[in-house]
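Okay, so the sequence shown: first residue is 1 according to full-length UniProt numbering, each after it adds one. Scroll down for the structure; my scribbles are underneath it.
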Amino acid sequence: MALSASDVAAMYSLLSNSMSTDHRLRGPAEDALAQSESRPGFCSCLLEVITAKDLGSQTDVRMMATVYFKNSVNRYWRHRRNSS
Numbered sequence: 001m002a003l004s005a006s007d008v009a010a011m012y013s014l015l016s017n018s019m020s021t022d023h024r025l026r027g028p029a030e031d032a033l034a035q036s037e038s039r040p041g042f043c044s045c046l047l048e049v050i051t052a053k054d055l056g057s058q059t060d061v062r063m064m065a066t067v068y069f070k071n072s073v074n075r076y077w078r079h080r081r082n083s084s
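Right, dumping it as structure tokens:
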């Protein structure tokens with residue numbers, strides 16, 4: 001199932017929890033992000049988080065979204081471009 005604009009708040013929460021020092025928050029958040037990476041709309045959601053001004057957007061969460069976006073491009077887009 002594709003991610004959409006309605007998933008941006010949940011994505012923000014997952015990104016925030018993925019940086020938690022509490023492993024009970026961090027582990028499930030990292031797992032959920034890993035599962036979401038291959039879903040259509042993942043990069044779009046990340047871009048919404050990166051550019052959001054209304055989510056009480058913390059710089060560290062926006063930076064984490066930027067890292068996930070970069071890694072997703074490296075994993076999925078460059079691989080597809082090189083194989084065509």
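Glycine is no exception: its CB is placed at the ideal position from the N, C-alpha and C atoms.
query, result
"Three-state secondary structure assigned by DSSP to residue 4", "coil"
"Under the three-state DSSP convention, the category residue 19 falls into", "coil"
"Three-state secondary structure (DSSP) of residue 65", "helix"
"N- and C-terminal bounds of the alpha helix (DSSP H) containing residue 49", "42-51"
"Distance CB(residue 18)-CB(residue 30) smaller than 8 Å", "yes"
"Spatial neighbours of residue 26 in its chain, beta-carbon cut-off 8 Å, leaving aside the 5 residues before and after", "17, 18, 19, 20"
"Assigned exposure category for residue 60 - 16 Cβ within 10 Å defines buried", "exposed"
"8 Å Cβ cutoff met for residue 68 and residue 33", "yes"
"Integer Cβ distance of residue 11 from residue 46, believed to fall under 8 Å", "7 Å"
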